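Asker: Let me begin by handing over the structure; questions about it come next.
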Amino acid sequence: MEAIKRALADGWFREQDTAVVLYDLDALTARVEALTSAFPAETVHAFAVKACPLPPVLAMLAQLGLGAEAASLGEIHLALAAGFPSERIVFDSPAKTVEELRLALSLGLFVNADNLDELDRLDDLGRDMGLVPRAGLRINPQAGTGRIKATSVAGRYSKFGVPLPQREAIVDAFGRYPWLSGLHVHIGSQGCPLELLVAGVGAVYDLAADLDARFGPGRVAVFDLGGGLPAAYRDADRPPSPQAYFEALRVRCPGLEGNQRRLVTEFGRMMAAPCAVAASRVEYVKRQPGHRTAVMHLGADMFVRECYNPRFWPHRTRLLGAHGLEKQGKPVLHHLAGPLCFSGDFPVRRAMLPEATAGDIVVIEDVGAYTLSMWSRYNSRQMPRVLGLRQGHFSVLREREEPEDLVQFWLGGSMSA
Ligand SMILES: *Cc1c(COP(=O)(O)O)cnc(C)c1O
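Structural data, given as structure tokens:
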């Protein structure tokens with residue numbers, strides 16, 4: 001927490017900042033290295049933009065040689081603006097419009113079609129535009145759901161992909177469309193054990209082997225195994241490393257590391273989640289028998305999942321004094337409440353911390369993924385300043401929103417209030 005203390009002392013965490021988010025960019029760089037060294041060198045690691053769409057973070061990842069997984073028009077533009085070369089951008093979405101597909105084709109993105117109708121669209125567009133689509137097909141291996149239903153996408157029913165038992169139709173599509181060159185699978189995000197990830201990816205890998213056997217070696221030239229490696233949110237969490245994951249995949253999928261097939265990954269959470277903390281000033285501490293509530297400046301606006309589904313989304317916390325020194329004292333039970341006008345607004349419900357007083361700073365750990373990216377406009381609060389720390393130097397990754405920014409947001413494109 002030395003970094004928060006320094007940010008306070010050096011004026012990066014300013015008086016007017018009720019909260020900040022701080023990214024450790026060296027930690028993120030180290031995670032990129034751990035990932036790339038675990039997989040074959042030619043693998044394209046497409047970072048899931050939805051996990052952390054901050055442009056300077058994306059730009060750094062692009063510079064480090066990663067690709068980007070974009071699942072909307074906005075994410076495509078974010079990826080391009082960050083400098084990802086278009087051939088390293090993977091476009092996934094279950095709702096791609098004809099216009100979006102046209103753009104993807106003209107830019108040369110790799111498109112993972114979600115369903116068979118989308119393949120027909122791609123074929124029509126390709127002919128229309130005189131371009132050969134670069135595309136794969138998303139398969140749902142129906143491997144089962146993880147601990148968290150809402151972030152599991154490979155159960156028997158899913159809105160994503162073509163169910164594996166529709167094998168004939170899948171084979172048919174590969175027979176019909178010579179440009180169709182890849183298979184894509186994604187099992188879920190957080191809460192999926194290694195065995196589930198491996199089983200799901202393995203089932204689609206078997207399909208790739210079948211297609212090769214039927215149509216000739218190299219028919220499936222691109223194998224995209226998605227994301228889904230979990231992050232540690234509690235002391236007891238021991239998520240598998242990328243290396244352990246690849247080792248397990250290699251056992252299940254013989255020939256995986258061979259050169260005949262380009263591998264693609266789409267990790268988000270495990271890359272970015274551990275690389276940021278949020279720090280909020282405590283505005284008030286309220287006492288009533290049996291309850292001690294520290295009211296902070298971050299709530300369900302930044303911690304949507306945590307507030308609505310606290311059982312699945314815990315965070316470690318610490319308490320610092322106003323100058324950033326870790327507070328000492330016997331830990332007692334605190335409710336950490338957000339600032340929003342509804343009673344479920346508790347990013348962390350039961351935190352054991354030294355007794356908090358107004359002006360203290362609560363630090364919430366592992367907020368680097370799926371927090372700012374899920375920011376809610378409820379109550380129109382200002383998104384906090386986002387800082388980056390790299391080789392000892394602070395920078396502002398995103399400036400704190402001003403009230404005018406909020407007014408502008410709600411005005412949208414309309415003329416005036
Ligand atoms: C969300 C998502 C990812 C990233 O998942 P993580 O759990 O963040 O690794 C990758 N691919 C697809 C298709 C996704 O929807």
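Here UniProt numbering is used: the first residue of the sequence shown is 1, the next is one more, and so on.
For glycine and all other residues, C-beta sits at the position ideal for the given N, C-alpha and C.
Note that the coordinates shown come from a computational prediction; the quantities given were computed from them, not determined experimentally.
For residue 112, which beta-bridge partners are listed by DSSP?
Answerer: Residue 112 pairs with 92 and 136.
Asker: Which residues, in chain order, sit with a beta-carbon under 5 Å away from any heavy atom of ligand 1?
Answerer: Cβ-based neighbours of ligand 1 within the cut-off: 48, 51, 92, 186, 189, 226, 227, 228, 266, 267, 268 and 269.
Asker: For residue 287, which of 181, 198 and 336 has the nearest alpha-carbon?
Answerer: Residue 336 is the option with its Cα nearest to residue 287.
Asker: Comparing the C-beta of residue 12 with each C-beta of chain C, is any distance below 8 Å?
Answerer: Within the model displayed, chain C is absent; a lone protein chain is all it includes.
Asker: For residue 157, name the three-state secondary structure that DSSP assigns.
Answerer: Three-state DSSP puts residue 157 in coil, outside helix and strand.
Asker: Between which residues of its own chain and residue 136 is the CB-CB distance below 8 Å, once the five residues before and five after are set aside?
Answerer: Correct list, in chain order: 110, 111, 112, 113, 180, 181, 182, 183, 184, 222 and 224.
Asker: Roughly how many angstroms separate the alpha carbons of residue 200 and residue 166, rounded to a whole number?
Answerer: Cα-Cα distance, rounded: 16 Å.
Asker: Since I believe residue 277 is in contact with residue 364 (beta carbons under 8 Å), could you give me their beta-carbon distance rounded to a whole number of angstroms?
Answerer: That belief holds up - the Cβ atoms of residue 364 and residue 277 are roughly 6 Å apart, short of 8 Å.
Asker: Within the same chain, show all residues whose beta-carbon is closer than 7 Å to that of residue 202, passing over the 5 residues directly before and after it, in chain order.
Answerer: Counting only Cβ-Cβ distances below 7 Å, and skipping sequence neighbours, we find 252 and 253.
Asker: Could you check if residue 31 is buried or exposed, using at least 16 other CB atoms within 10 Å of its CB as the buried criterion?
Answerer: Per the 10 Å Cβ criterion, buried.
Asker: Would residue 291 be called buried (16 or more neighbouring beta carbons within 10 Å of its own) or exposed?
Answerer: So residue 291 ends up on the exposed side.
Asker: Less than 8 Å separating the beta-carbons of residue 271 and residue 64?
Answerer: Contact: no.
Asker: Under a three-way DSSP split, which group does residue 284 fall into?
Answerer: In the structure shown, residue 284 sits in a strand (DSSP, three-state: E or B).
Asker: Measure the CB-CB distance between residue 381 and residue 347 and report whether it falls below 8 Å.
Answerer: Taking 8 Å as the Cβ cut-off, residue 381 and residue 347 do not qualify as a contacting pair.
Asker: How many angstroms separate the CA atom of residue 343 from the CA atom of residue 300?
Answerer: For residue 343 and residue 300, the distance between alpha carbons rounds to 10 Å.
Asker: What's the call for residue 306, buried or exposed, on a 16-neighbour Cβ count within 10 Å?
Answerer: Label assigned to residue 306: buried.
Asker: On the three-state DSSP scale, how would you describe residue 4?
Answerer: Note: residue 4 maps to helix in three-state DSSP.
Asker: Just how far apart, CA to CA, sit residue 14 and residue 295?
Answerer: Cα to Cα, the separation comes out at about 19 Å.
Asker: Helix, strand or coil for residue 163? Go by DSSP, reduced to three states.
Answerer: Here residue 163 sits in strand by DSSP.
Asker: Compare the C-alpha of residue 227 against each of 220, 211, 151 and 107 and name the closest.
Answerer: Of 220, 211, 151 and 107, the residue nearest in Cα terms is 151.
Asker: Okay, do the stretch 327-336 and the stretch 351-365 touch, 3+ Cβ pairs below 8 Å being the bar?
Answerer: Touching, per the Cβ criterion.
Asker: Please identify the residue among 143, 383 and 260 whose C-alpha is closest to the C-alpha of residue 303.
Answerer: It is 383.
Asker: Indicate whether residue 236 and residue 274 have their beta-carbon atoms separated by less than 8 Å.
Answerer: No.
Asker: So what does residue 336 bridge to, in DSSP terms?
Answerer: BP columns for residue 336 point to 294 and 348.
Asker: Taking the alpha carbon of residue 177 as the reference point, which residue from 116, 206 and 229 has its own alpha carbon closest?
Answerer: Cα-wise, what sits closest to residue 177 is 116.
Asker: List the DSSP bridge partners of residue 398.
Answerer: Paired residue(s): 386.
Asker: Of all the options 160, 134 and 187, which has the alpha carbon lying nearest to the alpha carbon of residue 148?
Answerer: Of the listed residues, the one whose Cα sits closest to residue 148 is 187.
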